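A short worksheet on the structure shown next.
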Amino acid sequence: MPSNTAAGTSGLQDSLLNEAAPSPELTASFKLRLDSLSKAAVNALEAGRPLASRDRLELVRVVVNDMLKLTCRPQRELITSVAKEIVERFPASLEDHGIDGKVMGRGFDSLFQQLESRVENVNRGMKAALLEAGDFPVPKRRNARFSYGCVNWQPNSSEGNGEEIKKTKEWMKQEALKSPREVDLTLAREAMDSTYAALRTVINSREPLCSTQQLKEEWPLLFHKPLYHQHIDKLLGKDFKKCFDEGVTSCTNTLMDHLTAKPSREIMHWMARGQVAEERGDARAKEKVFVPILASYFKEETRSLFHIFEEGCVLADKIDELPPTPVVVAIGGVFKDDCFLVTEHQTMFDEPMPFLEALCLQFGTFYVLNLAYPKEASATLEFIQRQIVQINPDRGSKRTGSAKRTTVHPKILKLLKSFK
Numbered sequence: 001m002p003s004n005t006a007a008g009t010s011g012l013q014d015s016l017l018n019e020a021a022p023s024p025e026l027t028a029s030f031k032l033r034l035d036s037l038s039k040a041a042v043n044a045l046e047a048g049r050p051l052a053s054r055d056r057l058e059l060v061r062v063v064v065n066d067m068l069k070l071t072c073r074p075q076r077e078l079i080t081s082v083a084k085e086i087v088e089r090f091p092a093s094l095e096d097h098g099i100d101g102k103v104m105g106r107g108f109d110s111l112f113q114q115l116e117s118r119v120e121n122v123n124r125g126m127k128a129a130l131l132e133a134g135d136f137p138v139p140k141r142r143n144a145r146f147s148y149g150c151v152n153w154q155p156n157s158s159e160g161n162g163e164e165i166k167k168t169k170e171w172m173k174q175e176a177l178k179s180p181r182e183v184d185l186t187l188a189r190e191a192m193d194s195t196y197a198a199l200r201t202v203i204n205s206r207e208p209l210c211s212t213q214q215l216k217e218e219w220p221l222l223f224h225k226p227l228y229h230q231h232i233d234k235l236l237g238k239d240f241k242k243c244f245d246e247g248v249t250s251c252t253n254t255l256m257d258h259l260t261a262k263p264s265r266e267i268m269h270w271m272a273r274g275q276v277a278e279e280r281g282d283a284r285a286k287e288k289v290f291v292p293i294l295a296s297y298f299k300e301e302t303r304s305l306f307h308i309f310e311e312g313c314v315l316a317d318k319i320d321e322l323p324p325t326p327v328v329v330a331i332g333g334v335f336k337d338d339c340f341l342v343t344e345h346q347t348m349f350d351e352p353m354p355f356l357e358a359l360c361l362q363f364g365t366f367y368v369l370n371l372a373y374p375k376e377a378s379a380t381l382e383f384i385q386r387q388i389v390q391i392n393p394d395r396g397s398k399r400t401g402s403a404k405r406t407t408v409h410p411k412i413l414k415l416l417k418s419f420k
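Taking the UniProt record's numbering, I'd label the letters of the sequence shown as residues 1 to 420.
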């Protein structure tokens, strides 16, 4: 059978396929040569000042050129190693930080993204030739771990024997028949704590998958708000509601003027609504419009986060119109305390709540139920994760649908860079 490999490409293709991971020798061979940079760039790096845009682009070009001298197609592992090494050498000039001054992601994600984009641009013609030649393999991408961002995702399930857990579950089912005010919260907290490992085993099981409806039937007390917060706190290892409330206030005070400096029509709409609500005495009006304004700034779909239905509508009549991912339903608007959280077309909590509380529970649900962020609102949700509730892993992501996945969303890095 004749080969379909174009003449002159087989050796190059073999070379590319053998570079799945850089050898220690290859990584050690790379050295940043400051004499290749302009005097302005060198002075800024040595003085610990942020690089001007033109100097940063120059740095990227020089680094990529040097990497290409080591290997014809630098892989992500090598680019990661080089970006990390350079940022560790010049952290004051190059390290990524959030608005609170804390390190964002791995600290070198923005430089990594620039280096990777430059490598792809330089090698675009080479890759096209290989694709035309055929047999160019597409690497398989591993799914993001469901435990992303969690500190207590699946504890040892040996806590208590099966019979004890069964009895506790039956007690919880009976207790859940009471109104929220009648629930014995002290005993319920103890019961939820003693069965936490068993509940995580059910949620984390892939065969069979447990739906939201099944969870509500088998673990109804989980959907009592104080106990849901207790579960989130244990899962994430922090006072989640406190972090969310403080983070929203801090980000609103710090970022609102920047987000609204060059407002789009959508941003102007939310600014006006917030101003009217504030004039009517709503002390948290600006905080309530912060997430809608943030989503509009990122040019993402607010309907992936919340839906507004007219006052007096019956939620049950509208529930099939909603996406399966966690979504807030605001009856009468975001300034009314008549909001609900819906996931997989199931109302998570029976009682209505304020908009910010619903947003808080919505975000926590992505972690409780092992759900990925919808791609239509991924930057907004990741901003909430990293800046508002301070879940900032240096690896992985809850995003989906991205052809080129990076640790920190590029839109977030761009926002933080423009804010500085």
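Positions of the beta carbon are idealized from the N, C-alpha and C atoms, including for glycine.
Everything numeric in this text was worked out from a predicted model, so none of it was measured.
What residue does the alpha helix (DSSP H) around A330 start on, and which one ends it? Translated into positions along the sequence shown, residue 330 becomes position 330. Element bounds for A330: not the alpha helix (DSSP H) but the beta strand (DSSP E), V327 to I331.
Are the stretch 223-242 and the stretch 191-204 touching by the rule of at least three beta carbon pairs closer than 8 Å? The stretch 223-242 vs the stretch 191-204: in contact.
Span separating the alpha-carbon of E301 from that of G149: Within the sequence shown, residue 301 is the residue found at index 301, counting from 1. Within the sequence shown, residue 149 is the residue found at index 149, counting from 1. Each residue's alpha carbon lies about 24 Å from the other.
Out of V408, G274, P263 and T252, state which residue places its alpha-carbon closest to the alpha-carbon of Y297. As a position in the sequence shown, residue 297 is number 297, starting the count at 1. Comparing Cα-Cα distances from Y297 to each of V408, G274, P263 and T252, the minimum goes to P263.
Quick one: what's got a C-beta closer than 8 Å to A40's C-beta in the same chain, skipping five residues either side? Along the sequence shown, one-based indexing puts residue 40 at 40. The residues are A52 and D55.
Start and end residues, beta strand (DSSP E) containing H307: Walking along the sequence shown from the start, residue 307 turns up at place 307. H307 -> beta strand (DSSP E) spans F306 to F309.
Report the three-state DSSP secondary structure of F340 (helix, strand or coil). Sequence index remark: in the sequence shown, residue 340 carries index 340 (1-based). F340: strand per DSSP, three-state reduction.
In this structure, what does DSSP give as the bridge partners for V103? Within the sequence shown, the letter at position 103 stands for residue 103. In the DSSP output, where bridge partners are listed per residue, V103 has H97.
So, for L413: in the same chain, excluding its five sequence neighbours on each side, which residues have a beta-carbon less than 6 Å away from its beta-carbon? Here residue 413 refers to the residue found at position 413 of the sequence shown. Excluding positions up to five away in sequence, the list reads S110.
Cβ of K288 within 9 Å of Cβ of F355? One-based indexing of the sequence shown puts residue 288 at position 288. One-based indexing of the sequence shown puts residue 355 at position 355. At the C-beta level, K288 and F355 come within 9 Å of one another.
Residues near P74 by beta carbon distance below 6 Å, same chain, minus five either side: In the sequence shown, the residue the question calls residue 74 occupies position 74. So the qualifying residues of the chain are M67 and V119.
Whole-angstrom distance between F419 and R49, CA atom to CA atom: Working through the sequence shown from its first residue, we reach residue 49 at position 49. Working through the sequence shown from its first residue, we reach residue 419 at position 419. Approximately 16 Å between the Cα atoms of the pair.
Tell me whether M268 sits in a helix, a strand or coil according to DSSP, three-state version. The residue you call residue 268 lines up with position 268 of the sequence shown. Helix at M268.
DSSP three-state label for H409, please. Taking the sequence shown and counting its residues from 1, the one referred to as residue 409 is at position 409. Three-state result, H409: coil.
If the criterion is Cβ atoms closer than 9 Å, does the pair L209 and K216 meet it? Residue mapping note: residue 209 aligns to position 209 of the sequence shown, counting from 1. Residue mapping note: residue 216 aligns to position 216 of the sequence shown, counting from 1. No, these two residues do not count as a Cβ contact at 9 Å.
Which residue or residues does DSSP assign as beta-bridge partners of T347? Reading the sequence shown from its first residue, position 347 is the one you call residue 347. Its beta-bridge partners are V342.
Apart from the five residues just before and just after G107, which ones in its own chain have a Cβ nearer than 7 Å to its Cβ? Reading the sequence shown from its first residue, position 107 is the one you call residue 107. Excluding positions up to five away in sequence, the list reads V87, E95 and D96.
Residue environment, H224, which counts as buried when at least 16 other CB atoms sit within 10 Å: What you label residue 224 is simply residue 224 of the sequence shown in a count that begins at 1. With 16 or more Cβ atoms within 10 Å of its Cβ, H224 is classed as buried.
Please return the same chain residues whose Cβ sits closer than 6 Å to the Cβ of A20, not counting the five positions on each side in sequence. Position 20 of the sequence shown holds residue 20. In this prediction, A20 scores a pLDDT of 41, lower than 50, which makes its location untrustworthy; the coordinate-derived value is nonetheless stated afterwards. Here the set comprises nothing.
So, does the stretch 197-205 touch the stretch 313-327, judging by three or more C-beta pairs under 8 Å? no
Comparing C-alpha positions only, which one of A277, T254 and E311 sits nearest to C339? Translated into positions along the sequence shown, residue 339 becomes position 339. The residue with the shortest Cα to Cα distance from C339 is E311.
Taking C-alpha atoms, which residue in G333, L187 and H345 lies nearest to K318? For this step, residue 318 is matched to residue 318 along the sequence shown. Comparing Cα-Cα distances from K318 to each of G333, L187 and H345, the minimum goes to H345.
May I have the straight-line CA-CA distance separating T9 from V82, to the nearest angstrom? Reading the sequence shown from its first residue, position 9 is the one you call residue 9. Reading the sequence shown from its first residue, position 82 is the one you call residue 82. Because T9 sits at a pLDDT of 34, beneath the cut-off of 50, its placement in the model cannot be relied upon, and the following sentence gives the value as read from the coordinates. Rounded to whole angstroms, T9 to V82 spans 28 Å at the Cα level.
Quick check: what's the CA-CA separation for R181 versus F349? Along the sequence shown, read from residue 1 onward, the residue named residue 181 stands at position 181. Along the sequence shown, read from residue 1 onward, the residue named residue 349 stands at position 349. Going by the C-alpha atoms only, they are around 14 Å apart.
Rounded to the nearest angstrom, how far is the Cβ of G105 from that of V408, given a contact under 8 Å? Taking the sequence shown and counting its residues from 1, the one referred to as residue 105 is at position 105. Taking the sequence shown and counting its residues from 1, the one referred to as residue 408 is at position 408. That belief holds up - the Cβ atoms of G105 and V408 are roughly 4 Å apart, short of 8 Å.
Entirely enclosed alpha helix (DSSP H) segments - the stretch 54-86, minimum 4 residues: none
For D239, which residues in the same chain have their Cβ closer than 7 Å to its Cβ, ignoring the five residues on either side in sequence? Position 239 of the sequence shown, counting from 1, holds the residue named residue 239. Counting only Cβ-Cβ distances below 7 Å, and skipping sequence neighbours, we find D233.
Determine the burial state of V151: buried for a count of at least 16 other Cβ atoms within 10 Å of its Cβ, exposed for fewer. Looking up residue 151 in the sequence shown gives position 151. Counting other Cβ atoms within 10 Å of its Cβ, V151 stays below 16 and is therefore classed as exposed.
Cα-Cα, which of F146, E266 and A47 is closest to S93? For the purposes of this step, residue 93 is identified with residue 93 of the sequence shown, where counting begins at 1. Taking only the C-alpha atoms, the option nearest S93 is A47.
Let me make sure I understand the geometry here. Which of L59, V183, T212 and R89 has the alpha-carbon closest to that of V368? The residue given as residue 368 occupies position 368 in the sequence shown. Of L59, V183, T212 and R89, the residue nearest in Cα terms is T212.
Which runs of the alpha helix (DSSP H) at least 4 residues long sit entirely within the stretch 192-219? Give them in chain order. 196-204 and 212-218
Note down the Cα distance separating T168 from L78, rounded to an integer number of angstroms. Within the sequence shown, residue 168 is the residue found at index 168, counting from 1. Within the sequence shown, residue 78 is the residue found at index 78, counting from 1. Roughly 52 Å between the two C-alpha positions.
Buried or exposed for A316, please, with buried defined as at least 16 other CB atoms from any protein chain shown within 10 angstroms of its CB. Residue numbering aside, residue 316 sits at position 316 when the sequence shown is read from its first letter. That one is exposed.
C-alpha gap between R395 and T254, whole angstroms: Translated into positions along the sequence shown, residue 395 becomes position 395. Translated into positions along the sequence shown, residue 254 becomes position 254. Each residue's Cα considered, the two are about 27 Å apart.
Determine, using beta carbons only, whether Q387 and F363 come nearer to each other than 9 Å. Sequence index remark: in the sequence shown, residue 387 carries index 387 (1-based). Sequence index remark: in the sequence shown, residue 363 carries index 363 (1-based). In this structure, F363 does not lie closer than 9 Å to Q387 by Cβ.
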